[in-house]
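Colleague: Here it is, the structure, as structure tokens.
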Amino acid sequence: MSAAIEIINLRKEFGSKTAVNDLNLTVNEGEIFAFLGVNGAGKTTTIRMLTGLTKPTSGDAKVLGYSILTQLDEVKKIGNLSPQETSVAPNLTVKENLEFIAGIYGFSKEISKEKANEMIELFGLEEVENSKAKTLSGGWQRKVSIAMALITEPKVLYLDEPTLGLDVLARRELWKAIRLLKGKVTIILTTHYMEEAQELSDNIAIMVKGNLMATGTLSELRAKTGKENLEDIFISIVEG
Amino acid sequence: MKSSVFAGRVSKEVTRDPLSYIFCLGFPIIMLAIMSLIDSSIPAQANMTVFHIYNLAPGMAYFGLTFLMLFTGMLVSKDRSTALLLRLYASPMKAINYVIGYTLPMIILGCAQILICFGAAFVVGLCQGYTFDIVKMLISFLMLIPSLLMFIGVGILFGSAVGEKAAPGLCSIIISAVGMVGGIWMDIDGLGGVIKDVAQALPFYHGVQLARLPLTNNYDSFGVHMLWTVGFGIIFYVLAVVIFTSKMKKDTK
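Chains as they are written, first to last, in the numbering used here: chain A, 1 to 240; chain B, 1001 to 1253.
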């Protein structure tokens, strides 16, 4: 399996605070890779650096061979992001939001319409496709947000806390949608829900205060800590 | 392509907000009607021409543009406070695509606003027994374009420079300034003194006068009014581009 992302000594400092401390890791193509950690662990900052939203203090990362320092335009073309917060155009309908993002990434009007219909079918958005985004519930907005990230056919998809604040049913629905993408797109996911990382990811990186504490598959982490469930594994690693 | 797609989204956001119609169209037209009523109540001996329909129409069209500035400022500042712009910052869009994307629909809306205001003035004029010269009205329309660009620039500038709560406040200061020293419903030349000095130092009075020139057939001060209006237009628009670009860089630092 070839590497989709290679992170090399990636570091971000905000004043005297180190948000990400010389991070090194590799994400394979087509896998779902979860960054797991509590608030302030550096998960979102890592995603922000990989998507060009934050400049690293030092180090580099290669996304499908393109450097985030010197080839950011290429990096932006091959990836897409669903941010933590609601990120839809409020007065546009679901369909218009999808077509809008497709257009921004250079798809023609006709292709944008076709792709919007594909996303509506994939994410089961038919019943809300003509509703204005601002009228949707949090769960629907998250689904739309992920569909907006996926419509541009990204090779790497970044999902920052995709189920934050959702109820159990909406979360399960969203997991189902994310699972459909497995193997087709490389997905980088940040979460602080153990169950979510366990359910969805092929590989997990546990971060604490900007430091990468452990990385591997769930079985590798189990073998490393001698614990069965991810919550115990996490606590064991965090508490050292 | 990216700019036009973004412009399409901006125009949908604005035209779907009912407040746009109330402030950008309803308010100037209502003011036009009220001021015309006031004009009809002023005795001819008072020789007060500021409320005459040929002076009022370009003045009200100019005043309407200040609400377009308010909407631009609100939209830019609101976008900056949401994750939508964060998502777009991660896309291949450049700062210039955003600025063009905000500007294009506002130009179209601004032009429509001026034409509707002039249309309403034409009807009011007919009711008062005054017939506008369509060609002169069109020239007046063209004279308002530099001011339209200036107000869009100010809107982008305020929306980029300050937050969602402060941007409307700053725009309101400009709206008040236009009301006070723009000479729309006050004869600035007749007042003189400090008020006149302040009015002449700012672009609003010149912008209003420039739009009035074709309808009053008095092109004496054309050069000064044009210079002030276009000059401030360029300054504010360039500042808007610079501030938006620097804020975008700061947001992604």
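We put the CB at the ideal spot given by N, CA and C, even for glycine.
Predicted model, so just to flag it, every value in this text is computed and none were measured.
Jot down the residue ranges of each uninterrupted alpha helix (DSSP H) in the stretch 19 to 92 of chain A, minimum 4 residues, whole runs only, in chain order.
Modeller: Runs found: 43 to 50 and 72 to 78.
Colleague: Answer yes or no: does any C-beta atom of chain B fall closer than 7 Å to that of E85 of chain A?
Modeller: Here the question's residue 85 of chain A lines up with position 85 in the first sequence. Closer than 7 Å to some Cβ of chain B, the Cβ of E85 of chain A qualifies, so yes.
Colleague: My understanding is that V1014 of chain B touches F1071 of chain B, with C-beta atoms under 8 Å, so please give their C-beta distance in whole angstroms.
Modeller: For the purposes of this step, residue 1014 of chain B is taken as the residue at position 14 of the second sequence. For the purposes of this step, residue 1071 of chain B is taken as the residue at position 71 of the second sequence. 6 Å between Cβ atoms; contact.
Colleague: Which residues in the same chain as K184 of chain A place their Cβ atom closer than 8 Å to its Cβ, once the five residues preceding and following it in sequence are excluded?
Modeller: Against the first sequence, residue 184 of chain A aligns to sequence position 184. Within the same chain, K184 of chain A has close Cβ partners G30.
Colleague: Can you tell me which of B:L1126, B:D1039, B:L1088 and B:A1083 puts its alpha carbon nearest to the alpha carbon of D73 of chain A?
Modeller: Indexing the first sequence from 1 puts residue 73 of chain A at position 73. Closest by alpha carbon: B:L1088.
Colleague: Are any of the Cβ atoms in chain A nearer than 7 Å to that of K1253 of chain B?
Modeller: Within the second sequence, numbered from 1, the residue matching residue 1253 of chain B stands at position 253. Chain A, which has a Cβ nearer than 7 Å to the Cβ of K1253 of chain B, makes this yes.
Colleague: With 8 Å as the limit, tell me which residues of the stretch 1009 to 1032 of chain B have their beta carbon closer than that to any beta carbon of chain A; keep them in chain order.
Modeller: R1009, K1012, E1013, R1016 and D1017
Colleague: With a threshold of 7 Å between beta carbons, is S1246 of chain B in contact with chain A?
Modeller: To locate residue 1246 of chain B, count along the second sequence from 1; it is residue 246. Residue contact with chain A for S1246 of chain B: absent (no Cβ-Cβ distance below 7 Å to any residue of chain A).
Colleague: Return no unless some Cβ of chain A is closer than 7 Å to the Cβ of A1083 of chain B.
Modeller: Along the second sequence, one-based indexing puts residue 1083 of chain B at 83. By this cut-off, A1083 of chain B is an interface position.
Colleague: Between which two residues does the beta strand (DSSP E) carrying G138 of chain A extend?
Modeller: Along the first sequence, one-based indexing puts residue 138 of chain A at 138. Here G138 of chain A belongs to no beta strand (DSSP E); instead the alpha helix (DSSP H) covers G138 to L150.
Colleague: Show which residues of chain B have a CB atom less than 8 Å away from the CB atom of I104 of chain A.
Modeller: By 1-based counting over the first sequence, the position of residue 104 of chain A is 104. By Cβ distance, chain B contributes K1002, V1005, F1006, L1088, S1091, P1092 and M1093.
Colleague: Output needed in chain order: residues of the stretch 188 to 203 of chain A with a Cβ under 7 Å from some Cβ in chain B.
Modeller: none
Colleague: Contact criterion: CB-CB distance below 7 Å. Does L81 of chain A meet it with respect to chain B?
Modeller: Locating residue 81 of chain A in the first sequence gives position 81, counting from the first residue. Answer yes: the Cβ-Cβ gap between L81 of chain A and chain B drops below 7 Å somewhere.
Colleague: Do M194 of chain A and L230 of chain A have their C-beta atoms closer together than 7 Å?
Modeller: Start at 1 with the first residue of the first sequence, and residue 194 of chain A comes out as number 194. Start at 1 with the first residue of the first sequence, and residue 230 of chain A comes out as number 230. In this structure, L230 of chain A lies closer than 7 Å to M194 of chain A by Cβ.
Colleague: Return the CA-CA distance between Q1006 of chain B and L164 of chain A, expressed in angstroms with no decimal places.
Modeller: As a working note, residue 1006 of chain B is residue 6 in the second sequence. As a working note, residue 164 of chain A is residue 164 in the first sequence. It is Phe, not Gln, that sits at residue 1006 of chain B in the sequence shown. C-alpha separation (whole angstroms): 28 Å.
Colleague: From V156 of chain A to I78 of chain A, what distance separates their C-alpha atoms?
Modeller: In the first sequence, the residue the question calls residue 156 of chain A occupies position 156. In the first sequence, the residue the question calls residue 78 of chain A occupies position 78. Using only the alpha carbons, I get a separation of about 7 Å.
Colleague: Is there a Cβ of chain B sitting closer than 7 Å to that of N242 of chain A, yes or no?
Modeller: Residue coverage of chain A in this structure runs from 1 to 240, which leaves residue 242 of chain A outside it and unanswerable.
Colleague: Figure out for me which residue from B:P1092, B:T1245 and B:F1222 has the closest Cα to the Cα of I1139 of chain B.
Modeller: Locating residue 1139 of chain B in the second sequence gives position 139, counting from the first residue. Comparing Cα-Cα distances from I1139 of chain B to each of B:P1092, B:T1245 and B:F1222, the minimum goes to B:F1222.
Colleague: Check whether the stretch 22 to 40 of chain A and the stretch 175 to 192 of chain A touch, using three or more Cβ-Cβ pairs below 8 Å as the test.
Modeller: yes
Colleague: Using three-state DSSP, classify R1016 of chain B as helix, strand or coil.
Modeller: In the second sequence, residue 1016 of chain B corresponds to position 16, counting from 1. Three-state result, R1016 of chain B: coil.
Colleague: For L1210 of chain B, write down the residues that DSSP places opposite it in a beta bridge.
Modeller: What you label residue 1210 of chain B is simply residue 210 of the second sequence in a count that begins at 1. Per DSSP, none; premise fails for L1210 of chain B.
Colleague: Applying the criterion that 16 or more other CB atoms from any shown protein chain within 10 Å of the CB defines a buried residue, is R171 of chain A buried or exposed?
Modeller: Against the first sequence, residue 171 of chain A aligns to sequence position 171. Buried.
Colleague: Between the alpha carbons of K115 of chain A and I104 of chain A, how many angstroms are there, rounded?
Modeller: Within the first sequence, residue 115 of chain A is the residue found at index 115, counting from 1. Within the first sequence, residue 104 of chain A is the residue found at index 104, counting from 1. Approximately 13 Å between the Cα atoms of the pair.
Colleague: Going along the chain, which residues of its own chain have a beta-carbon closer than 6 Å to the beta-carbon of M1137 of chain B, five neighbours each way excluded?
Modeller: For this step, residue 1137 of chain B is matched to residue 137 along the second sequence. Within the same chain, and ignoring the five residues on either side of M1137 of chain B in sequence, the residues whose Cβ sits closer than 6 Å to its Cβ are F1118.
Colleague: Give the DSSP-derived three-state secondary structure of D167 of chain A in the structure shown.
Modeller: If you number the first sequence from 1, residue 167 of chain A lands on position 167. Secondary structure of D167 of chain A (DSSP, three-state): coil.
Colleague: Note down, in chain order, every chain B residue with its Cβ under 9 Å from the Cβ of L53 of chain A.
Modeller: In the first sequence, the residue the question calls residue 53 of chain A occupies position 53. Chain order gives the chain B residues near L53 of chain A as L1086, Y1089, A1090, D1251 and T1252, where near means a beta carbon separation below 9 Å.
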